[in-house]
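Enquirer: Take a look at the following structure, please.
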Amino acid sequence: MQSASDQPEHDYPDHWEADVVLRDGGTARIRPITADDADRLVSFYEQVSDESKYYRFFAPYPRLSAKDVHRFTHHDFVDRVGLAATVGGEFIATVRYDRINDRGLPASAPADEAEVAFLVQDAHQGRGVASALLEHIAAVARERDIRRFAAEVLPANTKMIKVFTDAGYTQKRSFEDGSVRLHLDLEPTDRSLAVQRAREQRAEARSVQRLLTPRSVAVVGAGRAPGGVGRTVLRNLLGAGFTGRVYAVNAALGEAGGTAEAVELDGVPAYPSVAAIGEPVDLAIVAVPAERVPEVVADCGEHGVQGLVVLSAGYAESGAAGRERQRQLVRQARSYGMRIIGPNAFGIINTAAEVSLNASLAPQMPAAGRIGLFTQSGAIGIALLAGLHRRGAGLSSFISAGNRADVSGNDFLQHWYDDPGTDVVLLYLESIGNPRKFTRLARRTAAVKPVVVVKGARHSGSAPPGHRVPVTRVPHATVSALLRQAGVIRVDTVTELVDAGLLLAAQPLPAGPRVAILGNSESLGLLTYDACLTEGLRPLRPLDLTTAAEPADFRDALAAALADETSDAVVVNAIPWVGENGATEFGDGEVLAAALREAVASAPAPTKPVVVVHVEMGGLAEALAAATSTRPTPPDRGTAGAVATRPPAPPTPAAAGPGAAPAPTSGPAANHLTGPGAPTGPASSTTPVAPGAIPAYPAAERAVRALAEAVRYGQWRRQAAEPGRVPEYEDIDEAGAAALIERVLGGEDAEPQGVTLDTAQAGELLARYGIAVLPTLPAPTPDAAVSAAARLGYPVALKTTAPHLRHRPDLGGVRLDLASEEQLRAAYAELTEVLGKPEELQPVVQAMVPRGVDTVVRSAIDPAVGAVLSFGLSGAASELLGDTAHRLVPATDRDVAELVRSLRTAPLLFGWRGSAPVDTPALEEVLLRVSRLVDDHPEVVAVSLEPVVVAPRGLSVLGATVRLAPPPPRTDLGPRSLPSYRTA
1078 MQSASDQPEH DYPDHWEADV VLRDGGTARI RPITADDADR LVSFYEQVSD
1128 ESKYYRFFAP YPRLSAKDVH RFTHHDFVDR VGLAATVGGE FIATVRYDRI
1178 NDRGLPASAP ADEAEVAFLV QDAHQGRGVA SALLEHIAAV ARERDIRRFA
1228 AEVLPANTKM IKVFTDAGYT QKRSFEDGSV RLHLDLEPTD RSLAVQRARE
1278 QRAEARSVQR LLTPRSVAVV GAGRAPGGVG RTVLRNLLGA GFTGRVYAVN
1328 AALGEAGGTA EAVELDGVPA YPSVAAIGEP VDLAIVAVPA ERVPEVVADC
1378 GEHGVQGLVV LSAGYAESGA AGRERQRQLV RQARSYGMRI IGPNAFGIIN
1428 TAAEVSLNAS LAPQMPAAGR IGLFTQSGAI GIALLAGLHR RGAGLSSFIS
1478 AGNRADVSGN DFLQHWYDDP GTDVVLLYLE SIGNPRKFTR LARRTAAVKP
1528 VVVVKGARHS GSAPPGHRVP VTRVPHATVS ALLRQAGVIR VDTVTELVDA
1578 GLLLAAQPLP AGPRVAILGN SESLGLLTYD ACLTEGLRPL RPLDLTTAAE
1628 PADFRDALAA ALADETSDAV VVNAIPWVGE NGATEFGDGE VLAAALREAV
1678 ASAPAPTKPV VVVHVEMGGL AEALAAATST RPTPPDRGTA GAVATRPPAP
1728 PTPAAAGPGA APAPTSGPAA NHLTGPGAPT GPASSTTPVA PGAIPAYPAA
1778 ERAVRALAEA VRYGQWRRQA AEPGRVPEYE DIDEAGAAAL IERVLGGEDA
1828 EPQGVTLDTA QAGELLARYG IAVLPTLPAP TPDAAVSAAA RLGYPVALKT
1878 TAPHLRHRPD LGGVRLDLAS EEQLRAAYAE LTEVLGKPEE LQPVVQAMVP
1928 RGVDTVVRSA IDPAVGAVLS FGLSGAASEL LGDTAHRLVP ATDRDVAELV
1978 RSLRTAPLLF GWRGSAPVDT PALEEVLLRV SRLVDDHPEV VAVSLEPVVV
2028 APRGLSVLGA TVRLAPPPPR TDLGPRSLPS YRTA
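FYI, the numbering for the sequence shown is 1078 to 2061, going by my numbering.
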């Protein structure tokens, strides 16, 4: 073995460590192989079949020699690198590369190609381990300036050939001396990224599916006495009629010395540990004090438990010690291949009849339905469950993830994306751990089913301190804009979340903004009309049926509105009225509900959403929701824990090819668009709307707000089918810009904090991308100002550039339309007399440009979400009122068109009050060019063009600031991995 003095000089690269989700939903840890792994390597090799060894070494190789062990465990982490995938601390697969230097290169010029080889334990083949290792070893190689992999594979080793060919990298293949020779170009491609993300989606969705569809559940911490968290969950689990086996685990049973098999709690067998059960356990609900959780996790991990729901508190929410305890919990669970919901979780629910899982603290099982609900907060989870129950809405699944140290909303978006049982996704989030990934997943999911989000902690920018590790702070306005761009329905309150979810789960999407209003209250009709205008809808004149209207009149009026092609949605207003004998009619609402359901059922097709606004109509909302508030009766379980059948898990759809998205499955119902231009994909087919499933609201404003969100989402869905394009401009000099950036930054010696370009450099860089900045000449003296004006030509503008006066014409730091030397000298004297000395004001001279609307174009790198393109009008509109719009980079032509028009002050650009419209095509082109610059060159971390004066013809960029810095890492382009929880 190598002595200590022979160890590699390079430090151990701990940033190569990663936890990954495998194809079957389990996890593995990938890390560099070190000299301490000799025994693990030998043990691993002994468990590999002779066939796999033959495929690896092209000859019978029953055991590794001491020399082999030394070579495979001692690496310099540059030219020789080995990675291992581990579960429970033991190797399940290895990969290594050795740099090839056979081109006659000098030792100081290392080759950019390496030989790569894999070995996967037979018991773990088919789990996607080799594909995950290839992603990570390729990322390591690129970091070490290796650009190509070479691999030699026997033709019979079809599994390994498929790993290489399906990876999506550009490759060449040849047949030499009885083996297949593969060469892979490691530069990421659109196809390799698509393959990586498709594998990520399938793996993470499968990991969630395993949590939601267990064959057996153990409640660890179920006490003997009634009450307590563990006993409560056990009771809820049994009360819901869970179809699998149920076990109780209580360590006190072993201490009492009794016979574990003879003990029962609530009719289910109870044991002192998971190990004592003696049968497979898929899911463990952990409800023990935090200090006892590590021993429970070890017990579960050593006996094959697939996932944990940790209800125990005392983690990141409790301070620094709790955060460290949470890190250790995640690391320990992942080392066994388990995923965690929690800690400090409220639990999970799956209402599917073949599962009936209520592994939560919710005392009542929700009705089965088509809504998937995720919350971080247990208290908000309780409120949402109660609100949906009162409104008659059913759920497909519910998760309250607490601190979400491992499984997060991103994982459940992966699951719900192609879950045929979920039509609508509702999310309550207090923080977004990986906004870039969340935005990507939300956009993909929103293309096939609605995603509604309410974000807490809006004003603090994140969850409460210590709530989760790590937490990313992103400005509220930026989050809102980017979520809207991704198609997410962004609401402000939990009530609005329920309101929107109720409509989207029960009704088709409106085809447009035209709204028919009918009812028996003229005043309520007017309130509805005004609410529609406030929300940007186009209401038709309300139809007043008068207080003499009977249910049949409502039925006929609604049927006519549904058949009328001049409307896209219908709002029905209903109030009770007093009959001739003094009795209050429609008191229970059931008769009116039946009439409305009849009208909807008689419509030729469910093409228009219908919502009802009711005032003091007892039982109307319940009667309208009755069609959806059904729940299958739980099967007769007999003795608790006796059912051993596993609910059939839906098969993973076969992909059409490497990286292809899963094939469409049946699923979401009439809330999806149909017809030409409708998006296709998983769960995008339609199913009939339940007759009479009409959402009801106690206020017109709430009903119209939910309807408006559905209208906006429907419009986004239609546009998502044609997302626009990123234009190509022939005059862009990408290579010249790159050379300038490298020259300014200084290559590898660049200052980490970056540098702000001077005026000339900024103008040169922008010119490379076709953005002309109006020349600015310094004017430190009156004579210098006159000389500058002579060069530029009159008329000119004199302005200060001092930081406190920059872009502040309201402070008098700008003088315009100076047509002669006399006017210029007078303005200079006045400026310096009022505002200060020239050296303090830093005056400059510019040529006058055509008048127009002053705007601001900016782009900046947000470390959480990436490059963001921003636009607003100069001055108070953006600075005081915050009227600024944002889009992710790279922006398409559709993105920038929406960006310009999304401002509240946008009418100023389009001829407000008789003014001339400005040249918006020229403005959109500048926005697109800035987007291209930032996307092509990640070193451009900030750009500000201010002001950009947009005239009726053309525009002028009067000022520009550009900042360069070494680009931040793009974690979304790296290999798949779960969030890191390293202690350091």
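C-beta: ideal position from N, C-alpha, C; glycine also. Please read all numbers here as calculations on a predicted model, not as lab measurements.
#1: Helix, strand or coil for alanine 1390? Go by DSSP, reduced to three states.
#2: Report the start-end ranges of each alpha helix (DSSP H) in the segment 1237-1313 that is 4 residues or longer and not cut off at the edges.
#3: Determine the direct distance from the alpha carbon of leucine 1976 to that of threonine 1877, and round the result to whole angstroms.
#4: Assign aspartate 1972 to buried or exposed, taking buried as 16 or more other Cβ atoms, counted over all protein chains shown, within 10 Å of its Cβ.
#5: Identify every run of the alpha helix (DSSP H) within the segment 1947-1986, keeping only runs that are complete inside it and at least 4 residues long; order them along the chain.
#6: Between which two residues does the alpha helix (DSSP H) carrying lysine 1144 extend?
#7: Can the beta-carbon of leucine 1141 be found closer than 8 Å to that of valine 1172?
#8: Residues in its own chain within less than 8 Å of alanine 1814 by CB, not counting five upstream and five downstream?
#9: With H, G and I counted as helix, E and B as strand and the rest as coil, what does DSSP make of proline 1512?
#10: Can you tell me the Cα-Cα spacing of isoleucine 1652 and alanine 1702, whole angstroms?
#11: If I measure Cβ to Cβ from aspartate 1894 and keep anything under 8 Å in the same chain, skipping five residues before and after, which residues do I get?
#12: Could you pull the start and end residues of the alpha helix (DSSP H) that proline 1915 belongs to?
#13: Where does histidine 1213 sit, in a helix, a strand or coil, going by DSSP?
#14: Identify whether histidine 1691 lies in helix, strand or coil by the three-state DSSP scheme.
#15: Give a yes or no on whether the C-beta atoms belonging to glutamine 1453 and leucine 1503 are separated by under 8 Å.
#16: Looking only at DSSP bridge pairs, what is glycine 1424 linked to?
#17: Do threonine 1605 and valine 1687 have their C-beta atoms closer together than 8 Å?
#18: Can you tell me whether arginine 1467 is buried or exposed, with buried defined as 16 or more other CB within 10 angstroms of its CB?
#19: On the DSSP letters alone, give me the boundaries of the alpha helix (DSSP H) that proline 1859 sits inside.
#20: Look at the alpha carbon of leucine 1342 and the alpha carbon of asparagine 1327, and state the distance between them as a whole number of angstroms.
#21: In or out: threonine 1555 buried (at least 16 other Cβ within 10 Å) or exposed?
#22: Between Pro1984, Val2020, Arg1902, which lies nearest to aspartate 1939 when the distance is taken from Cα to Cα?
#23: Check whether the segment 1250-1269 touches the segment 1209-1229, taking contact to mean three or more Cβ pairs, one atom from each stretch, closer than 8 Å.
#24: Going by DSSP, what residues sit across from lysine 2062 in a beta bridge?
#25: Could you pull the start and end residues of the alpha helix (DSSP H) that arginine 1591 belongs to?
#26: Counting beta carbon pairs with one atom in the segment 1292-1306 and one in the segment 1223-1233, are three or more of them shorter than 8 Å?
#27: Under the three-state reduction of DSSP, which class applies to histidine 1092: helix, strand or coil?
#28: For a test of the three-state rule: what should DSSP assign to phenylalanine 1134, helix, strand or coil?
#29: Report the residue from Tyr1174, Pro1139, Glu1599 whose alpha carbon sits nearest the alpha carbon of arginine 1148.
#30: Between the C-alpha atoms of alanine 1233 and valine 1125, what's the straight-line distance to the nearest angstrom?
#31: Measure the alpha-carbon distance for alanine 1634 versus alanine 1776 and round it to whole angstroms.
#32: Since glycine 1458 sits in a beta bridge, which residues does DSSP pair it with?
#33: Measuring alpha carbon to alpha carbon, tell me which of Asp1931, Ala1954, Ile1459 ends up nearest glutamate 1997.
#34: Give me the Cβ distance between asparagine 1313 and serine 1437, rounded to the nearest whole Å; I'm assuming they're in contact under 8 Å.
#35: Closest to glutamine 1198 by CA distance: which of Ala1625, Val1575, Arg1276, Phe1168 is it?
#36: DSSP state of isoleucine 1354, grouped into three classes?
Expert: The short version:
#1: Reading the sequence shown from its first residue, position 313 is the one you call residue 1390. Residue state, collapsed to three classes: coil.
#2: 1267-1289
#3: Locating residue 1877 in the sequence shown gives position 800, counting from the first residue. Locating residue 1976 in the sequence shown gives position 899, counting from the first residue. Taking the straight line from one Cα to the other gives about 31 Å.
#4: Indexing the sequence shown from 1 puts residue 1972 at position 895. That one is buried.
#5: 1953-1956, 1970-1978
#6: On the sequence shown, residue 1144 is found 67 positions in, with the first residue counted as 1. Segment 1143-1150, the alpha helix (DSSP H) holding lysine 1144.
#7: For the purposes of this step, residue 1141 is identified with residue 64 of the sequence shown, where counting begins at 1. For the purposes of this step, residue 1172 is identified with residue 95 of the sequence shown, where counting begins at 1. The answer is no: Cβ separation not under 8 Å.
#8: For this step, residue 1814 is matched to residue 737 along the sequence shown. Closer than 8 Å at Cβ, skipping near neighbours: Leu1842, Arg1845, Tyr1846, Leu2010, Asp2013, His2014.
#9: Indexing the sequence shown from 1 puts residue 1512 at position 435. Reduced to three states, the DSSP call for proline 1512 is helix.
#10: Here residue 1652 refers to the residue found at position 575 when the sequence shown is read from its first residue. Here residue 1702 refers to the residue found at position 625 when the sequence shown is read from its first residue. About 18 Å.
#11: Counting from 1 along the sequence shown, the entry for residue 1894 is found at position 817. Result list for aspartate 1894: Pro1872, Ala1874, Met1925, in chain order.
#12: By one-based count along the sequence shown, residue 1915 stands at place 838. Element bounds for proline 1915: 1915-1918.
#13: By 1-based counting over the sequence shown, the position of residue 1213 is 136. Residue state, collapsed to three classes: helix.
#14: Reading the sequence shown from its first residue, position 614 is the one you call residue 1691. Histidine 1691 falls in the strand class under three-state DSSP.
#15: Mapped onto the sequence shown, residue 1453 falls at position 376. Mapped onto the sequence shown, residue 1503 falls at position 426. Cβ distance not < 8 Å, so glutamine 1453 and leucine 1503 don't count as in contact.
#16: Here residue 1424 corresponds to residue number 347 of the sequence shown, with the count starting at 1. Glycine 1424 is bridged to Ser1437, Ser1477.
#17: Within the sequence shown, the letter at position 528 stands for residue 1605. Within the sequence shown, the letter at position 610 stands for residue 1687. It is not a contact, given that the beta carbons lie outside the stated cut-off.
#18: Here residue 1467 refers to the residue found at position 390 of the sequence shown. Exposed, since its Cβ has fewer than 16 Cβ neighbours within 10 Å.
#19: If you number the sequence shown from 1, residue 1859 lands on position 782. Per DSSP, proline 1859 belongs to the alpha helix (DSSP H) from 1859-1869.
#20: In the sequence shown, residue 1342 corresponds to position 265, counting from 1. In the sequence shown, residue 1327 corresponds to position 250, counting from 1. If you take the alpha carbons of leucine 1342 and asparagine 1327, they lie about 10 Å apart.
#21: Locating residue 1555 in the sequence shown gives position 478, counting from the first residue. Buried.
#22: For this step, residue 1939 is matched to residue 862 along the sequence shown. Residue Val2020 is the option with its Cα nearest to aspartate 1939.
#23: yes
#24: Here the chain comprises residues numbered 1078 to 2061, so residue 2062 is not present and cannot be evaluated.
#25: On the sequence shown, residue 1591 is found 514 positions in, with the first residue counted as 1. First-last for arginine 1591: 1591-1596, but that is the beta strand (DSSP E), not the alpha helix (DSSP H).
#26: no
#27: As a first step, residue 1092 is located in the sequence shown; it is residue number 15 there, counting from the start. It is helical.
#28: Translated into positions along the sequence shown, residue 1134 becomes position 57. Correct three-state label for phenylalanine 1134: helix.
#29: The count along the sequence shown starts at 1 and reaches residue 1148 at position 71. Cα-wise, what sits closest to arginine 1148 is Tyr1174.
#30: Taking the first residue of the sequence shown as 1, we reach residue 1233 at position 156. Taking the first residue of the sequence shown as 1, we reach residue 1125 at position 48. Answer to the nearest angstrom: the Cα atoms are 17 Å apart.
#31: Here residue 1634 corresponds to residue number 557 of the sequence shown, with the count starting at 1. Here residue 1776 corresponds to residue number 699 of the sequence shown, with the count starting at 1. Spanning the two alpha carbons is a distance of roughly 21 Å.
#32: In the sequence shown, counting from the first residue as 1, residue 1458 sits at position 381. Under DSSP, no beta-bridge partner is assigned to glycine 1458.
#33: Sequence index remark: in the sequence shown, residue 1997 carries index 920 (1-based). At residue 1997 the sequence reads threonine, which differs from the glutamate that was named. For threonine 1997, the closest of Asp1931, Ala1954, Ile1459 by C-alpha to C-alpha distance is Asp1931.
#34: Start at 1 with the first residue of the sequence shown, and residue 1313 comes out as number 236. Start at 1 with the first residue of the sequence shown, and residue 1437 comes out as number 360. Rounded, the Cβ-Cβ distance is 6 Å, consistent with contact.
#35: If you number the sequence shown from 1, residue 1198 lands on position 121. With distances taken between Cα atoms, glutamine 1198 lies closest to Phe1168.
#36: By 1-based counting over the sequence shown, the position of residue 1354 is 277. Helix.
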